[in-house]
Amino acid sequence: YEFCWICMKNWRTHANCNTFTSKDGDDPSDGTMADSKRELERYLHHYERYQAHNMAQQVAEKAKQKFIDDKLGNQSSPNAFLKDAHDQLVECRRVLKYTFSFAYLNMTDASNDVEKRTFEYH
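Sequential numbering from 133 applies to the sequence shown in our numbering.
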């Protein structure tokens, strides 16, 4: 069974869960209260994804440490290149985590539509 680890829905019927859509519709001119609610929803959308990648980074760091302790120890091993692979995984998780901070601050509704769709598609 394949699933999206963010929204936990079936991957085969999965729609892009990285796309922010307001629950009340897309009319930003409903008033101050609606604008505030929409901005809070947008913040939560990006924060939840930031946190998901943060947790994944922590899991990767623990897996790396367990690998070093269990497999490598103090001696060099033919599997030492796997430590570099674990380092790269932790670094990739860190980069993914901060893409959502970047998106929140730089990709508003008035942003370049092509850049926004490219980011949301990943």
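Backbone N, C-alpha and C fix where the C-beta goes; we use that ideal spot for every residue, glycine too.
(message) Check whether the segment 171-185 and the segment 221-237 touch, using three or more Cβ-Cβ pairs below 8 Å as the test.
(response) yes
(message) On the CB-based measure, 16 or more other CB atoms within 10 Å of its CB, does Phe152 come out buried or exposed?
(response) Taking the first residue of the sequence shown as 1, we reach residue 152 at position 20. It is buried - the Cβ of Phe152 has at least 16 other Cβ atoms within 10 Å.
(message) Short of 6 Å in beta carbon distance, which residues of its chain neighbour Tyr236, apart from the five on each side in sequence? Order them along the chain.
(response) For the purposes of this step, residue 236 is taken as residue 104 along the sequence shown, with counting starting at 1. These residues qualify, in order along the chain: His178.
(request) Count the other CB atoms, across all protein chains shown, that sit within 10 Å of the CB of Ala195; report buried if there are 16 or more and exposed otherwise. (result) Counting from 1 along the sequence shown, the entry for residue 195 is found at position 63. It is exposed - the Cβ of Ala195 has fewer than 16 other Cβ atoms within 10 Å.
(message) On the DSSP letters alone, give me the boundaries of the alpha helix (DSSP H) that Phe232 sits inside.
(response) By 1-based counting over the sequence shown, the position of residue 232 is 100. Element bounds for Phe232: Phe213 to Asn238.
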